[in-house]
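Quick notes on the structure that follows.
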Amino acid sequence: MLTRNLKCLWTSQLLSQVADGITKLALLWFVYSVTGSALQTTVVGILQTVSSIVCAPLIGLLVDRLPKKPILVITDLLRGIILGVVPWLLPSDALTVDVLYLLVFLYGLASAVFTPALSASVPFLVPAQYFTAGNAMLQSTTSIGIILGPVLSGIGIAALGPKDVLSLNTLTYLASVVLLLPMRFSSVTSAPGAVTPRLSMAMLDAFRFTFRASPTLIRLVIIASLYTFGSAALTTLLPVYGRSLFHFGPIEVGYLWSSLGVGFLVVSLALLSVSRWSLRARLYLVTASSCVAGVALILLLSTTKPSVAFTLMAIVGAGLGTLTPVAWGMLQELSPLSMLGRVMGFYTSMAMTTSLLGIWFFGWVTQSIGEANGLLGIGLVFLLVAITSLLFTKRMSQVKQDVVALKGISMMPRSEYERLASEFRMTIIRRCCTRSSFYKPGYFKRHAPVPGQSRYS
Numbered sequence: 065m066l067t068r069n070l071k072c073l074w075t076s077q078l079l080s081q082v083a084d085g086i087t088k089l090a091l092l093w094f095v096y097s098v099t100g101s102a103l104q105t106t107v108v109g110i111l112q113t114v115s116s117i118v119c120a121p122l123i124g125l126l127v128d129r130l131p132k133k134p135i136l137v138i139t140d141l142l143r144g145i146i147l148g149v150v151p152w153l154l155p156s157d158a159l160t161v162d163v164l165y166l167l168v169f170l171y172g173l174a175s176a177v178f179t180p181a182l183s184a185s186v187p188f189l190v191p192a193q194y195f196t197a198g199n200a201m202l203q204s205t206t207s208i209g210i211i212l213g214p215v216l217s218g219i220g221i222a223a224l225g226p227k228d229v230l231s232l233n234t235l236t237y238l239a240s241v242v243l244l245l246p247m248r249f250s251s252v253t254s255a256p257g258a259v260t261p262r263l264s265m266a267m268l269d270a271f272r273f274t275f276r277a278s279p280t281l282i283r284l285v286i287i288a289s290l291y292t293f294g295s296a297a298l299t300t301l302l303p304v305y306g307r308s309l310f311h312f313g314p315i316e317v318g319y320l321w322s323s324l325g326v327g328f329l330v331v332s333l334a335l336l337s338v339s340r341w342s343l344r345a346r347l348y349l350v351t352a353s354s355c356v357a358g359v360a361l362i363l364l365l366s367t368t369k370p371s372v373a374f375t376l377m378a379i380v381g382a383g384l385g386t387l388t389p390v391a392w393g394m395l396q397e398l399s400p401l402s403m404l405g406r407v408m409g410f411y412t413s414m415a416m417t418t419s420l421l422g423i424w425f426f427g428w429v430t431q432s433i434g435e436a437n438g439l440l441g442i443g444l445v446f447l448l449v450a451i452t453s454l455l456f457t458k459r460m461s462q463v464k465q466d467v468v469a470l471k472g473i474s475m476m477p478r479s480e481y482e483r484l485a486s487e488f489r490m491t492i493i494r495r496c497c498t499r500s501s502f503y504k505p506g507y508f509k510r511h512a513p514v515p516g517q518s519r520y521s
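Numbering of the sequence shown is given in the working numbering, commencing with residue 65 and proceeding in unit increments.
So this is what it looks like as structure tokens:
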């Protein structure tokens, strides 16, 4: 599984995630130290997600139709320039909170392109049976970034100030871009006679495939939406909670954030072994981990000792780190490669919408009725994610049969797989567009393509 291309992507992502960790704490600390307002601090998180909500489906189409490598290189470079070079060029009195809000929005737009391109790249770099493991490897870079980024950012803020930290962080993004250059993506052979659909039809096909073709996809979207409602608020308001509830300075807040990353890293390494688990087993894992995260976050309110707070935050990170690799792996298994970018776009758009609502809602709760109530509410959301995952898991018996039928052709070589699967899957999508009730339990199993045949209608 650990190919040369995946090594390049992993190393590049490691630097990129460290840079993101440095940037996030520096931005949040800058805004909160200037305004003293938790609600205004949440604007940073809101602006980073608005572009994903509005543009994610169109970005997904862009990812489907353009080579992945140039998209990754250009967007990573833009992120370093927007929040590194630009603040460095501006005079100190010109870098106001309003200007920083504009830069954060542009940074979020670049990130909105980068994330679907990254997730859509995994099927081109690893075999289908290792999708979850590949996603877990990439999430391990996020974990390391959460561990190292805030600590480096906190030390830099204390020594130099947030503006200089943002400027110096450009070098990390540039190194990340250089490591992407040697990557080579496997080619995909389209089905004979395949045509590229119009923009409107391509988006409509992806929308109906995501929300109507398989019950599993919409359930994943619901679970992920609830998850981001709480997790986005937690990561955005963590400096506020650390400063107000535990009286931490920037260095201690960096340690608290890094503890979250330690939990992410541990669970990412553990997830390398679950790629071959059934869909139901993976959702049970999401249920248990979300429950652990919610309970640990609520217990965090009962302590003021830094060591206990860091330990509980690591447990929260372990609980939260399960969902994304599992959900991405399931989406990659269930979606056609030619449509994966758009499916991920709709998934991201829904998740980012609820993350925006979560950031605003818990920012208001924290500002109006106290930091402790805000943290308690986020913990209850994670318990709701666990309950929802458990309810959906009980309806997964037939989906497992359908996935097994599709996996029978997904184990073939890439070119043969695409030749046999493309027309079959497009037939499913066309039927979904014209007859919404076509899907019945066992449909995929009864209609799976047979090698040597050219039509599957």
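Where a beta carbon is used, it is the ideal one built from N, C-alpha and C, also for glycine. Being a predicted model, the structure only gives us computed values, none of them experimental.
Helix, strand or coil at residue i according to DSSP, with G and I counted as helix
{"i": "Ser402", "result": "helix"}
{"i": "Phe178", "result": "helix"}
{"i": "Trp93", "result": "helix"}
{"i": "Ser101", "result": "coil"}
{"i": "Ser278", "result": "coil"}
{"i": "Gly294", "result": "helix"}
{"i": "Ser354", "result": "helix"}
{"i": "Thr386", "result": "coil"}
{"i": "Gly85", "result": "helix"}
{"i": "Val522", "result": "Residue 522 is absent from the structure shown; the chain starts at 65 and stops at 521."}
{"i": "Thr417", "result": "helix"}
{"i": "Arg248", "result": "coil"}
{"i": "Val468", "result": "Reliability fails at Val468, whose pLDDT of 41 lies under 50, so the model's placement of it is uncertain and no value is given."}
{"i": "Gly313", "result": "coil"}
{"i": "Thr67", "result": "coil"}
{"i": "Thr540", "result": "Since the first residue of the chain shown is 65 and the last is 521, residue 540 is not available in this structure."}
{"i": "Thr160", "result": "coil"}
{"i": "Arg478", "result": "The pLDDT assigned to Arg478 is 44, lower than 50, so where the model puts this residue is not dependable, and the model offers no usable value."}
Option in the options with minimal Cα separation from residue i
{"i": "Val98", "options": "Ile110, Asp162, Gly209", "result": "Asp162"}
{"i": "Ala266", "options": "Leu224, Thr105, Gly405, Leu387", "result": "Gly405"}
{"i": "Cys329", "options": "Gly381, Phe293, Pro303", "result": "It is Leu, not Cys, that sits at residue 329 in the sequence shown. Closest option to Leu329, Cα to Cα, is Gly381."}
{"i": "Phe425", "options": "Val95, Leu103, Val317, Leu202", "result": "Leu103"}
{"i": "Val149", "options": "Val137, Leu136, Leu164", "result": "Leu164"}
{"i": "Ser207", "options": "Gly85, Arg272, Lys227", "result": "Gly85"}
{"i": "Thr196", "options": "Ile362, Leu336, Val449", "result": "Leu336"}
{"i": "Leu70", "options": "Val331, Thr139, Phe188", "result": "Phe188"}
{"i": "Ala297", "options": "Arg248, Pro314, Leu444, Leu284", "result": "Leu444"}
{"i": "Val390", "options": "Ser342, Met403, Ile145", "result": "Ser342"}
{"i": "Thr87", "options": "Ile221, Arg248, Leu384", "result": "Ile221"}
{"i": "Ala357", "options": "Phe374, Ile379, Arg346, Thr368", "result": "Ile379"}
{"i": "Arg344", "options": "Thr367, Ser308, Arg283, Gly434", "result": "Arg283"}
{"i": "Leu395", "options": "Leu320, Ser278, Ala334, Leu454", "result": "Ser278"}
{"i": "Leu398", "options": "Thr274, Ser240, Thr139, Arg68", "result": "Thr274"}
{"i": "Ile110", "options": "Leu421, Ala450, Leu455", "result": "Leu421"}
Interface flag, residue i vs chain C, CB-CB below 8 Å
{"i": "Lys88", "result": "Judged by its chain identifiers, the structure shown contains no chain C, having just a single protein chain."}
Counted within 10 angstroms of its Cβ, other Cβ atoms place residue i as buried (16 or more) or exposed
{"i": "Pro246", "result": "exposed"}
{"i": "Gln465", "result": "Any reading at Gln465 must be qualified, since the residue scores a pLDDT of 42, below 50, and its modelled position is unreliable; the value itself is stated next. So Gln465 ends up on the exposed side."}
{"i": "Asp128", "result": "buried"}
{"i": "Ile133", "result": "Reading off the sequence shown, one finds Lys at residue 133, where the question assumed Ile. The residue is buried, with at least 16 neighbouring Cβ atoms inside 10 Å."}
{"i": "Gly198", "result": "buried"}
{"i": "Ser371", "result": "exposed"}
{"i": "Gly434", "result": "exposed"}
{"i": "Thr498", "result": "Since pLDDT at Thr498 reaches only 47, below the 50 mark, its modelled position is unreliable, and no value is offered."}
{"i": "Arg346", "result": "buried"}
{"i": "Val82", "result": "buried"}
{"i": "Pro303", "result": "buried"}
{"i": "Gly318", "result": "buried"}
{"i": "Asp157", "result": "exposed"}
{"i": "Ala223", "result": "exposed"}
{"i": "Pro131", "result": "exposed"}
{"i": "Leu235", "result": "exposed"}
{"i": "Thr368", "result": "exposed"}
N-terminal and C-terminal residue of the alpha helix (DSSP H) that residue i is part of
{"i": "Ile219", "result": "195–223"}
{"i": "Leu365", "result": "No alpha helix (DSSP H) holds Leu365; DSSP gives it neither H nor E."}
{"i": "Ile135", "result": "132–144"}
{"i": "Pro341", "result": "Sequence inspection shows Trp at residue 341; the Pro mentioned does not correspond to that position. Where Trp341 is concerned, there is no enclosing alpha helix (DSSP H), given that its DSSP letter is neither H nor E."}
{"i": "Gly441", "result": "435–457"}
{"i": "Leu230", "result": "226–232"}
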